[in-house]
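Asks:
4 protein chains.
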Amino acid sequence: MAIRLAENSYGSSRIHLLRVSRQQGRHDVREIALSIRFEGDFEAAHAQGDNRKILPPDTMKNTVYALARQHSIEPLEDFGLHLIEHFLTYNAQVTRVVIDASESIWTHLPHGGKPHPSAFSRSGDQERTSFLSGTRERTHVRAGIENLLVLKTSNSAFEDFKKDPYTTLQEETDRILSVIINANWLYTEEDVEFGPLWHAVRKTLLEAFAEHHSHSLQHTLYAMGDAILGNFENISEIHLSLPSKHFHLADLAPLGMDNPGTVFLPADEPHAIIAATLKKS
Amino acid sequence: MAIRLAENSYGSSRIHLLRVSRQQGRHDVREIALSIRFEGDFEAAHAQGDNRKILPPDTMKNTVYALARQHSIEPLEDFGLHLIEHFLTYNAQVTRVVIDASESIWTHLPHGGKPHPSAFSRSGDQERTSFLSGTRERTHVRAGIENLLVLKTSNSAFEDFKKDPYTTLQEETDRILSVIINANWLYTEEDVEFGPLWHAVRKTLLEAFAEHHSHSLQHTLYAMGDAILGNFENISEIHLSLPSKHFHLADLAPLGMDNPGTVFLPADEPHAIIAATLKKS
Amino acid sequence: MAIRLAENSYGSSRIHLLRVSRQQGRHDVREIALSIRFEGDFEAAHAQGDNRKILPPDTMKNTVYALARQHSIEPLEDFGLHLIEHFLTYNAQVTRVVIDASESIWTHLPHGGKPHPSAFSRSGDQERTSFLSGTRERTHVRAGIENLLVLKTSNSAFEDFKKDPYTTLQEETDRILSVIINANWLYTEEDVEFGPLWHAVRKTLLEAFAEHHSHSLQHTLYAMGDAILGNFENISEIHLSLPSKHFHLADLAPLGMDNPGTVFLPADEPHAIIAATLKKS
Amino acid sequence: MAIRLAENSYGSSRIHLLRVSRQQGRHDVREIALSIRFEGDFEAAHAQGDNRKILPPDTMKNTVYALARQHSIEPLEDFGLHLIEHFLTYNAQVTRVVIDASESIWTHLPHGGKPHPSAFSRSGDQERTSFLSGTRERTHVRAGIENLLVLKTSNSAFEDFKKDPYTTLQEETDRILSVIINANWLYTEEDVEFGPLWHAVRKTLLEAFAEHHSHSLQHTLYAMGDAILGNFENISEIHLSLPSKHFHLADLAPLGMDNPGTVFLPADEPHAIIAATLKKS
């Protein structure tokens with residue numbers, strides 16, 4: 009019996025930094041975390057313990073620091089493309105560099121009706137993400153949003169579904185729909201305005217969620233993806249994963265009360281999961 | 009040897025609900041989680057397993073649901089006071105009711121320049137909290153903020169501190185200062201406008217943080233507490249706990265570069281902790 | 009422009025239950041959590057909001073409860089195969105059922121040198137997992153381990169690696185190596201003794217980790233995979249993901265002390281990541 | 009209005025280290041995390057930004073590293089007492105030092121029926137803790153256990169409790185009882201065998217939990233505390249906090265099945281909380 013090394017990669021995760029840019033009268037800060045993985049010619053490292061083709065993960069980290077010292081890290085996508093180019097240029101043994109990046113968003117505190125020049129607060133869990141994958145032939149640039157929790161109290165139903173002997177769920181004509189939006193989309197080129205596009209995609213996803221007359225999670229997911237592919241020329245594909253958060257109408261009958269859509273109980277588990285990719289064809 | 013039951017309490021934690029109010033053309037949602045604890049005459053339950061004075065935690069939960077069905081839960085403080093009064097009225101065996109409450113903040117999604125009537129997103133980790141403690145003699149109402157992460161890139165130094173043989177920290181004249189603001193304050197009466205006051209306290213804390221010329225964490229904490237006690241008649245005491253997040257200036261000398269306050273490395277541990285209570289005297 | 013629905017699935021996550029089996033004089037408990045996903049003919053649900061082919065996630069949950077009432081859930085793999093068969097039998101619209109399952113491990117408390125008949129404690133984070141994927145043509149059964157944190161204080165080096173101008177890492181001849189073992193392996197058939205095999209694989213992985221003379225993470229990963237493929241006939245493939253936890257030797261020179269491999273500082277980020285699949289060829 | 013600085017403290021949290029001791033043929037590792045807080049004369053630091061009495065938290069960290077280089081850190085309590093003595097000796101401005109310490113437990117991997125000399129695995133969440141508080145007059149030493157999850161499937165009832173109009177809970181004669189054991193106890197002296205005592209207390213708590221014929225959470229808590237105070241001369245007080253994990257019997261009637269204590273559904277929230285202190289009198 010022979011053993012074969014199939015897919016493999018290595019790298020550094022959670023390379024985390026804050027970059028301050030200091031203009032006269034105004035500072036700006038950006039906080040990012042990156043994971044970098046290399047694919048390439050690493051058979052000898054695995055099978056014989058020969059490290060001559062292994063650039064240490066620690067060096068990947070130093071490289072991120074060095075480039076962040078010399079260049080802006082905004083937008084995330086351009087900084088990531090720069091890193092990929094650097095690593096492919098100096099590492100013949102590497103065939104593919106994959107970068108997952110996320111940005112934690114700091115905003116200037118308000119001060120007398122204007123942004124304070126040097127004080128900031130960080131907004132919650134929601135993250136701007138970017139997924140880059142580059143070989144010597146081509147590069148894929150995906151941008152994304154993670155952990156954006158939304159909810160709607162009208163225009164959501166779930167009816168006429170398939171039933172079997174274990175089905176006890178009632179048809180619902182007017183339920184609460186709540187999902188965590190996780191989305192990422194593929195750009196057709198590397199030469200777009202990543203910052204403004206990200207904000208426009210985010211706005212379009214939220215509008216599609218809010219305005220859709222939903223028959224199901226699938227139906228809403230499709231409407232959100234459709235809105236992006238229909239409105240953005242530079243995007244050829246979108247992946248949406250929308251775990252739902254259940255809000256059950258509390259049963260108050262045992263307490264002698266009705267409950268006309270007033271008190272709901274959030275449930276962590278189990279929850280529905282749904283994911284799909286939509287493409288232009 | 010005799011054994012004595014000293015301080016004891018029991019209750020229910022994470023009673024969690026979403027309340028929807030439905031006006032014509034506009035819905036509103038509030039999500040809260042409460043912990044309720046009873047202190048009282050529970051010796052027999054502990055020592056003999058006699059449950060006749062134990063109202064089940066499950067009933068505390070039902071009571072929260074029932075009152076939330078019948079009454080607004082905004083502001084948190086009024087809802088909590090109502091619960092305390094209810095439990096003390098119907099439970100002679102209870103001498104004190106303690107409630108820790110927190111609210112996760114949902115905001116209307118924007119839609120065509122106005123708030124969407126029935127779609128919402130939830131803002132991060134930051135929580136509005138309330139701590140209530142009531143006996144038949146008196147009630148204490150505290151309000152609070154938790155998990156508000158802030159950072160400033162100027163006006164922060166740490167110099168002239170005590171040194172010993174294990175001190176290696178350098179004096180810093182211009183460092184990054186970042187803390188998680190956890191604050192709670194005691195109201196002098198139960199009859200104030202809890203909602204507007206909470207927003208005003210939050211604003212004052214952030215301004216004090218942003219504008220203070222900081223010599224140390226202690227110095228900034230004091231300035232923040234002082235701003236509250238100096239500006240709010242109805243507040244007699246404030247407790248501040250400000251764990252700091254370190255942002256170390258990256259040492260790029262081994263990479264052949266300087267680093268004039270550009271690239272910082274966030275560190276999770278160890279971190280400085282600081283807490284104090286300020287009172288009007 | 010036409011839009012095409014590409015890969016898609018839906019289901020229920022975190023279906024969580026505890027099953028008690030009660031023999032005379034001895035109880036046993038097993039706690040599992042399952043995620044179930046369906047792939048199939050769901051175009052109409054997405055594009056037209058037609059739910060007639062959507063079996064609700066809530067029904068998946070009920071089905072798990074019903075089968076767990078009627079059958080043993082041990083081993084996890086047999087229970088999962090039973091669920092897959094059930095869903096494919098009664099759902100013509102479904103082409104593939106995917107189940108991710110995990111078990112939290114409870115052990116009898118000791119009592120007078122023997123296991124207590126009805127009292128248990130739960131062992132930490134480590135989980136036994138299973139990944140099943142079934143169509144009407146064939147089924148893949150993978151078993152796994154997650155979150156098994158290990159460390160070795162000898163027989164680990166990292167030398168002769170590739171260096172570039174940003175490389176500052178020193179060669180290490182005797183370092184601490186610590187990784188979180190995440191592994192899953194593919195069985196060649198559905199008809200094996202899943203329970204005993206899982207324990208044997210776990211033991212073999214730990215021995216390979218402990219005994220290997222490591223030149224790098226890659227080298228150790230390969231040795232661990234090799235040990236499994238070399239020793240288990242029924243396993244054709246193994247995937248290993250070994251995020252490493254760094255333990256840096258504390259630099260005590262500024263405190264006037266040496267540090268001969270005594271005090272190490274655990275670091276959460278950044279950390280090295282490494283993953284590979286080994287196959288019999 | 010004058011403002012008064014009331015209780016205040018500062019320090020360093022999550023000072024985290026791994027200590028390796030290397031005997032011929034056998035290594036041992038211990039991983040600890042400490043929080044250290046100072047109380048003392050810090051009025052000027054707060055009110056005037058005068059740092060001359062502030063020993064930096066960074067120096068506390070260095071001191072821990074230096075002492076861990078020179079001395080064993082086992083048992084935790086002796087190491088903590090050493091730190092307290094050090095800080096009080098060299099810091100006249102400090103009146104009290106408080107240390108919260110926890111140990112993550114590593115055990116030798118088995119190897120051919122014996123412990124492997126230099127390879128280890130870490131056991132889950134469960135932690136050994138220690139709480140030390142020292143002034144120039146006296147020191148309190150508490151030891152503890154946190155996050156020890158246990159469950160029993162017999163000998164647990166909850167009946168004859170108080171009912172009100174919102175009570176819907178049914179009396180239960182034979183339920184599952186599951187709690188997270190968090191305990192800490194006060195030693196009467198500093199000169200005991202902390203290591204063996206900790207293991208003996210842990211064993212006694214588990215036996216009391218397992219063997220008790222429980223009428224309620226309160227009843228079981230009291231029995232556990234009573235077992236400690238009754239069996240350990242050197243312990244004068246114990247605090248127990250036992251958040252319970254609910255396991256609801258699944259209602260399978262809608263699926264046409266009974267459920268004779270077989271399938272239970274774990275619920276995260278809400279959960280019952282209970283805490284008490286027992287003292288020798």
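In the order they appear, the protein sequences are chains A, B, C and D.
The numbering used here puts the first residue of the first sequence at 9, with every later residue one more than the last.
The numbering used here puts the first residue of the second sequence at 9, with every later residue one more than the last.
The numbering used here puts the first residue of the third sequence at 9, with every later residue one more than the last.
The numbering used here puts the first residue of the fourth sequence at 9, with every later residue one more than the last.
From the three backbone atoms N, C-alpha and C, an ideal C-beta is built for every residue, glycine too.
Keep in mind the model is a prediction, meaning the values are calculated, not measured.
1. Can you list the beta strand (DSSP E) stretches of 3 or more residues lying completely in the segment 178 to 204 of chain B, in chain order?
2. Taking all protein chains shown into account, decide if D/Asp-182 is buried (16 or more other Cβ within 10 angstroms of its Cβ) or exposed.
3. How would you label A/Gly-264, buried or exposed, when you count the other beta carbons within 10 angstroms and need 16 or more for buried?
4. Quick test of the definition: if touching needs 3 or more C-beta pairs under 8 Å, does the segment 265 to 272 of chain C touch the segment 225 to 240 of chain C?
5. Pop quiz: B/Ile-107 and D/Pro-278 are said to be a contact at Cβ under 8 Å. What is the actual Cβ separation, rounded to whole angstroms?
6. Report yes if the C-beta distance between D/Ser-21 and B/Ile-281 is below 8 Å; otherwise report no.
7. Between the alpha carbons of B/Ala-122 and A/Lys-160, how many angstroms are there, rounded?
8. Counting only the same chain and skipping the five closest in sequence on each side, list residues whose C-beta sits under 8 Å from that of D/Phe-272.
9. Residues of chain C with CB under 7 Å from B/Pro-262, in chain order?
10. By the criterion of Cβ-Cβ separation under 7 Å, what are the contact partners of D/Asp-266 in chain A?
11. Is A/Asp-276 close to chain D, meaning its C-beta is less than 8 Å from at least one C-beta of that chain?
12. My output table needs one value for D/Gly-121: the three-state DSSP class, helix, strand or coil.
13. Going by DSSP, name the residue or residues bridged to D/Thr-285.
14. Mind checking whether D/Glu-47 and D/Leu-13 have CB atoms under 8 Å apart?
15. I need the DSSP call for B/Asn-155, collapsed to helix, strand or coil.
16. Please decide whether B/Ile-23 counts as near chain D, where near means a Cβ-Cβ distance under 8 Å.
17. Please look up how many angstroms separate the CB atoms of D/Gly-152 and D/Ala-208, rounded, as I've assumed it's under 8 Å.
18. Can you tell me whether B/Gly-57 is helix, strand or coil according to DSSP?
19. Can you tell me whether A/Pro-262 is buried or exposed? The criterion is at least 16 other CB atoms within 10 Å of its CB, across all chains shown.
20. Going by the beta-carbon positions, is the gap between B/Leu-214 and B/Val-158 smaller than 8 Å?
21. Just the chain C side, please: which residues come within less than 8 Å of A/Phe-169 by C-beta, in chain order?
22. Candidates C/Asp-58, C/Pro-83, C/Ala-55 and C/Ile-44: which alpha carbon is nearest C/Val-72's?
23. Are B/Arg-144 and B/Glu-82 closer than 8 Å when you measure CB to CB?
24. Between the segment 56 to 66 of chain C and the segment 220 to 235 of chain A, are three or more C-beta pairs nearer than 8 Å?
25. Can you have a look at D/Met-9 and say buried or exposed, based on whether 16 or more other CB atoms are within 10 angstroms of its CB?
26. For a quick check, are the C-beta atoms of C/Asp-168 and A/Leu-63 less than 8 Å apart?
27. Residues in its own chain within less than 7 Å of D/Thr-212 by CB, not counting five upstream and five downstream?
28. Can you tell me the Cα-Cα spacing of A/Phe-202 and B/Glu-245, whole angstroms?
29. Please state the DSSP three-state secondary structure of A/Asn-242.
30. Interface residues of chain D around B/Phe-166 at Cβ under 8 Å?
31. The beta strand (DSSP E) with B/Phe-272 in it runs from where to where?
32. Within 10 angstroms of the Cβ of B/His-79, are there 16 or more other Cβ atoms? Answer buried if so, exposed if not.
33. Please report how far the alpha carbon of B/Pro-125 lies from the alpha carbon of B/His-35, in whole angstroms.
34. Just list the beta strand (DSSP E) runs in the segment 25 to 69 of chain A, keeping only unbroken ones of 3 residues or longer that don't cross its boundaries, in chain order.
35. Name the two residues that bound the continuous beta strand (DSSP E) containing C/Phe-87.
36. Just mark B/Ala-100 as buried or exposed, buried being the case when its beta carbon has 16 or more other beta carbons within 10 Å.
Replies: According to the structure shown:
1. If we require 3 residues or more, the beta strand (DSSP E) runs fully inside the segment 178 to 204 of chain B come out as 185 to 195.
2. Numbered from its first residue, the fourth sequence carries residue 182 of chain D at position 174. By the 16-neighbour rule on beta-carbons within 10 angstroms, D/Asp-182 is exposed.
3. Residue numbering aside, residue 264 of chain A sits at position 256 when the first sequence is read from its first letter. Counting other Cβ atoms within 10 Å of its Cβ, A/Gly-264 stays below 16 and is therefore classed as exposed.
4. In this structure the segment 265 to 272 of chain C does not touch the segment 225 to 240 of chain C; the number of beta carbon pairs closer than 8 Å is below three.
5. For the purposes of this step, residue 107 of chain B is taken as residue 99 along the second sequence, with counting starting at 1. For the purposes of this step, residue 278 of chain D is taken as residue 270 along the fourth sequence, with counting starting at 1. With a Cβ gap of about 13 Å, B/Ile-107 and D/Pro-278 do not count as contacting.
6. Within the fourth sequence, the letter at position 13 stands for residue 21 of chain D. Within the second sequence, the letter at position 273 stands for residue 281 of chain B. Inclusion of D/Ser-21 and B/Ile-281 in the CB contact set at 8 Å is warranted, their separation being smaller than that value.
7. Taking the second sequence and counting its residues from 1, the one referred to as residue 122 of chain B is at position 114. Taking the first sequence and counting its residues from 1, the one referred to as residue 160 of chain A is at position 152. The sequence shown places Lys at residue 122 of chain B, not Ala. Cα to Cα, the separation comes out at about 16 Å.
8. Position 264 of the fourth sequence, counted from the first residue, corresponds to residue 272 of chain D. Scanning its chain for C-beta atoms nearer than 8 Å, with the 5 sequence neighbours on each side dropped, one finds around D/Phe-272 the residues Ile-184, Phe-255, His-256, Leu-257 and Ala-258, in chain order.
9. Looking up residue 262 of chain B in the second sequence gives position 254. Within chain C, the residues placing a beta-carbon under 7 Å from that of B/Pro-262 are Thr-176, ordered along the chain.
10. One-based indexing of the fourth sequence puts residue 266 of chain D at position 258. Neighbours of D/Asp-266 on chain A: none; closest Cβ ~15 Å, over 7 Å.
11. By one-based count along the first sequence, residue 276 of chain A stands at place 268. Yes, its Cβ sits closer than 8 Å to a Cβ of chain D.
12. Residue numbering aside, residue 121 of chain D sits at position 113 when the fourth sequence is read from its first letter. It is coil, neither helix nor strand.
13. Along the fourth sequence, read from residue 1 onward, the residue named residue 285 of chain D stands at position 277. Partner residues in the beta bridge of D/Thr-285, as assigned by DSSP, are D/His-247.
14. For the purposes of this step, residue 47 of chain D is identified with residue 39 of the fourth sequence, where counting begins at 1. For the purposes of this step, residue 13 of chain D is identified with residue 5 of the fourth sequence, where counting begins at 1. Result no, Cβ atoms of D/Glu-47 and D/Leu-13 do not sit closer than 8 Å.
15. Translated into the one-based positions of the second sequence, residue 155 of chain B becomes position 147. In the three-state scheme derived from DSSP, where H, G and I count as helix and E and B as strand, B/Asn-155 is classed as strand.
16. To locate residue 23 of chain B, count along the second sequence from 1; it is residue 15. With 8 Å as the cut-off, B/Ile-23 counts as an interface residue toward chain D.
17. In the fourth sequence, the residue the question calls residue 152 of chain D occupies position 144. In the fourth sequence, the residue the question calls residue 208 of chain D occupies position 200. Not really, about 14 Å apart at Cβ, beyond 8 Å.
18. For this step, residue 57 of chain B is matched to residue 49 along the second sequence. In the structure shown, B/Gly-57 sits in coil (DSSP, three-state: anything other than H, G, I, E or B).
19. Position 254 of the first sequence holds residue 262 of chain A. Looking at its Cβ environment, which holds fewer than 16 other Cβ atoms inside 10 Å, A/Pro-262 is exposed.
20. As a first step, residue 214 of chain B must be located in the second sequence, where it is residue number 206. As a first step, residue 158 of chain B must be located in the second sequence, where it is residue number 150. The Cβ-Cβ distance between B/Leu-214 and B/Val-158 falls below 8 Å.
21. By 1-based counting over the first sequence, the position of residue 169 of chain A is 161. Correct list: Asn-59, Arg-60, Ile-62, Leu-63 and Pro-64.
22. For the purposes of this step, residue 72 of chain C is taken as residue 64 along the third sequence, with counting starting at 1. Answer by Cα proximity: C/Ile-44.
23. Residue numbering aside, residue 144 of chain B sits at position 136 when the second sequence is read from its first letter. Residue numbering aside, residue 82 of chain B sits at position 74 when the second sequence is read from its first letter. In this structure, B/Glu-82 does not lie closer than 8 Å to B/Arg-144 by Cβ.
24. Contact holds: three or more Cβ-Cβ distances are below 8 Å.
25. Along the fourth sequence, read from residue 1 onward, the residue named residue 9 of chain D stands at position 1. Under this definition D/Met-9 is an exposed residue.
26. Within the third sequence, residue 168 of chain C is the residue found at index 160, counting from 1. Within the first sequence, residue 63 of chain A is the residue found at index 55, counting from 1. No, Cβ-Cβ distance for C/Asp-168 and A/Leu-63 is not below 8 Å.
27. Numbered from its first residue, the fourth sequence carries residue 212 of chain D at position 204. Only Ala-235, Ile-236 and Asn-239 meet the Cβ criterion.
28. Here the question's residue 202 of chain A lines up with position 194 in the first sequence. Here the question's residue 245 of chain B lines up with position 237 in the second sequence. If you draw a straight line from the Cα of A/Phe-202 to the Cα of B/Glu-245, it is about 48 Å long.
29. Locating residue 242 of chain A in the first sequence gives position 234, where the first residue counts as 1. Coil at A/Asn-242, not helix or strand.
30. Working through the second sequence from its first residue, we reach residue 166 of chain B at position 158. Neighbours of B/Phe-166 across chain D, judged by C-beta separation under 8 Å: Asn-59 and Pro-64.
31. Residue 272 of chain B sits at position 264 when you count from the first residue of the second sequence. Residues 271 to 275.
32. By one-based count along the second sequence, residue 79 of chain B stands at place 71. Flag for B/His-79 reads exposed.
33. By one-based count along the second sequence, residue 125 of chain B stands at place 117. By one-based count along the second sequence, residue 35 of chain B stands at place 27. So the alpha carbons of these two residues sit roughly 6 Å apart.
34. Contiguous beta strand (DSSP E) elements confined to the segment 25 to 69 of chain A occur at 34 to 48, taking only those with 3 or more residues.
35. Sequence index remark: in the third sequence, residue 87 of chain C carries index 79 (1-based). Counting along the chain, C/Phe-87 falls outside any beta strand (DSSP E), though it belongs to the alpha helix (DSSP H) covering 84 to 98.
36. Start at 1 with the first residue of the second sequence, and residue 100 of chain B comes out as number 92. Exposed: under 16 other Cβ atoms inside 10 Å.
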